[in-house]
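J.:
In the working numbering, the protein residues as written are 25 to 259.
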């Protein structure tokens, strides 16, 4: 179909040895559900949804939203770790990790969620070797959850806790062939700037509305096969 062909026009240029680095979202991309929302649904007071809607409507930044939501969590660190470790993942991340390693291509996780959640899930599946950039969740002396933003960027257009645009060097022409994989709202800004995007879910819908070229996908195994086609490695 012409529309889909147009979205895929850039993928041929980044297959195999042309890929310089791969960045992957976490919530809803590596995990099959949004892990941050799952934690809030299970352990936060109901007002977390009101903050979420204000963020969706563009009334507050992602940083503001997450800070207020974390204050509503009624659980300790160990409870959250045990809960998220059992969340289902897209098993294709294991294949993508293996293929990136074979090709010498760095694979990095970038998330506007909580580092505690990301690390617990990656640990469960033997993926702790992957670099992770995410917001830092801790508990203070009173046992209250506190969120900080070590990877925020001054002037971030979306006010994200983790500025994916700055982390992926999306505006740097010297970073010739980075690939971004995502599924949701926190991926909008970076997807409008980076050269090659794999999109599903609401990110795919948004790319359609914004006329942004992307490669549609459902599983990370598909992404691995398209980036590193096996036939390309036959001598």
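Note that beta-carbon positions come from the ideal geometry of N, C-alpha and C, so glycine has one too.
(1) Taking the beta carbon of residue 239 as the centre, do at least 16 other beta carbons fall within 10 Å, making it buried, or is it exposed?
(2) Where in the segment 105–182 do unbroken runs of the alpha helix (DSSP H), each at least 4 residues long, occur, reported from the N-terminal end onward?
(3) Can you tell me whether residue 80 is helix, strand or coil according to DSSP?
(4) Alpha carbons only, please: which of 153, 134, 114 and 111 is nearest the one belonging to residue 125?
(5) Would you report the Cα separation of residue 199 and residue 70, rounded to the nearest angstrom?
(6) What does the Cβ neighbour count give for residue 128, buried or exposed, with the cut at 16 atoms within 10 Å?
(7) Are the beta-carbon atoms belonging to residue 230 and residue 212 less than 9 Å from one another?
(8) Using CA atoms only, rank isn't needed, just tell me which of 162, 53 and 75 is closest to residue 102.
(9) What separation, rounded to the nearest whole angstrom, lies between the Cα atoms of residue 179 and residue 186?
(10) Out of curiosity, what's the CA-to-CA distance linking residue 177 and residue 88?
(11) Where does residue 222 sit, in a helix, a strand or coil, going by DSSP?
(12) Please go through the same chain and pick out, in chain order, the residues whose beta-carbon is closer than 6 Å to the beta-carbon of residue 59, but skip the five residues on each side of it.
(13) Kindly indicate which three-state DSSP category residue 229 falls into: helix, strand or coil?
(14) Just the C-alpha distance for residue 243 and residue 166, rounded to the nearest angstrom, thanks.
(15) Which term fits residue 169, buried or exposed, when burial requires 16 or more other beta carbons within 10 angstroms of its beta carbon?
(16) Are the CB atoms of residue 49 and residue 206 within a distance shorter than 9 Å?
(17) Measuring alpha carbon to alpha carbon, tell me which residue in 72, 92 and 137 is nearest residue 158.
(18) Alpha carbon to alpha carbon, how far is residue 148 from residue 104?
(19) Count the other CB atoms, across all protein chains shown, that sit within 10 Å of the CB of residue 98; report buried if there are 16 or more and exposed otherwise.
(20) Give the range of the beta strand (DSSP E) segment to which residue 247 is assigned.
(21) Do residue 214 and residue 132 have their beta-carbon atoms positioned less than 9 Å apart in this structure?
(22) According to DSSP, is residue 65 helix, strand or coil?
(23) Under the three-state reduction of DSSP, which class applies to residue 206: helix, strand or coil?
T.: Reading from the atomic positions:
(1) Translated into positions along the chain shown, residue 239 becomes position 215. Counting Cβ neighbours within 10 Å, residue 239 comes out buried, since at least 16 surround it.
(2) 116–127 and 139–148
(3) To locate residue 80, count along the chain shown from 1; it is residue 56. Of the three classes helix, strand and coil, the one that applies to residue 80 here is helix, per DSSP.
(4) Start at 1 with the first residue of the chain shown, and residue 125 comes out as number 101. The option with the nearest alpha carbon to residue 125 is 153.
(5) Looking up residue 199 in the chain shown gives position 175. Looking up residue 70 in the chain shown gives position 46. A caution first: residue 199 carries a pLDDT of 48, below 50, which makes its placement in the model unreliable, though a value can still be read off. Spanning the two alpha carbons is a distance of roughly 43 Å.
(6) On the chain shown, position 104 is the one that residue 128 refers to. Exposed, because fewer than 16 other Cβ atoms sit within 10 Å of the Cβ of residue 128.
(7) Here residue 230 refers to the residue found at position 206 of the chain shown. Here residue 212 refers to the residue found at position 188 of the chain shown. Cβ atoms of residue 230 and residue 212: closer than 9 Å.
(8) Walking along the chain shown from the start, residue 102 turns up at place 78. Ranking the options by Cα distance to residue 102, first place goes to 162.
(9) The count along the chain shown starts at 1 and reaches residue 179 at position 155. The count along the chain shown starts at 1 and reaches residue 186 at position 162. Cα to Cα, residue 179 sits roughly 12 Å from residue 186.
(10) By 1-based counting over the chain shown, the position of residue 177 is 153. By 1-based counting over the chain shown, the position of residue 88 is 64. Approximately 14 Å between the Cα atoms of the pair.
(11) The residue you call residue 222 lines up with position 198 of the chain shown. The answer is strand: DSSP assigns residue 222 an E or B state.
(12) Along the chain shown, one-based indexing puts residue 59 at 35. Excluding residues within five positions, the ones whose Cβ falls inside 6 Å are 51, 108, 111 and 141.
(13) The residue you call residue 229 lines up with position 205 of the chain shown. DSSP places residue 229 in helix when its eight states are reduced to three.
(14) Here residue 243 is taken as the residue at index 219 of the chain shown, counted from 1. Here residue 166 is taken as the residue at index 142 of the chain shown, counted from 1. Computed Cα separation, rounded: 42 Å.
(15) Start at 1 with the first residue of the chain shown, and residue 169 comes out as number 145. Flag for residue 169 reads buried.
(16) As a working note, residue 206 is residue 182 in the chain shown. As a working note, residue 49 is residue 25 in the chain shown. Yes, the Cβ-Cβ distance between residue 206 and residue 49 is below 9 Å.
(17) Taking the first residue of the chain shown as position 1, residue 158 is located at position 134. Cα-wise, what sits closest to residue 158 is 137.
(18) Within the chain shown, the letter at position 124 stands for residue 148. Within the chain shown, the letter at position 80 stands for residue 104. Answer to the nearest angstrom: the Cα atoms are 14 Å apart.
(19) Within the chain shown, residue 98 is the residue found at index 74, counting from 1. By the neighbour-count rule (16 or more Cβ atoms within 10 Å), residue 98 is not buried but exposed.
(20) Locating residue 247 in the chain shown gives position 223, where the first residue counts as 1. Run containing residue 247: none in the beta strand (DSSP E); it sits in the alpha helix (DSSP H), 244–251.
(21) Against the chain shown, residue 132 aligns to sequence position 108. Against the chain shown, residue 214 aligns to sequence position 190. Contact: no.
(22) On the chain shown, position 41 is the one that residue 65 refers to. Residue 65 falls in the helix class under three-state DSSP.
(23) In the chain shown, the residue the question calls residue 206 occupies position 182. In the structure shown, residue 206 sits in a strand (DSSP, three-state: E or B).
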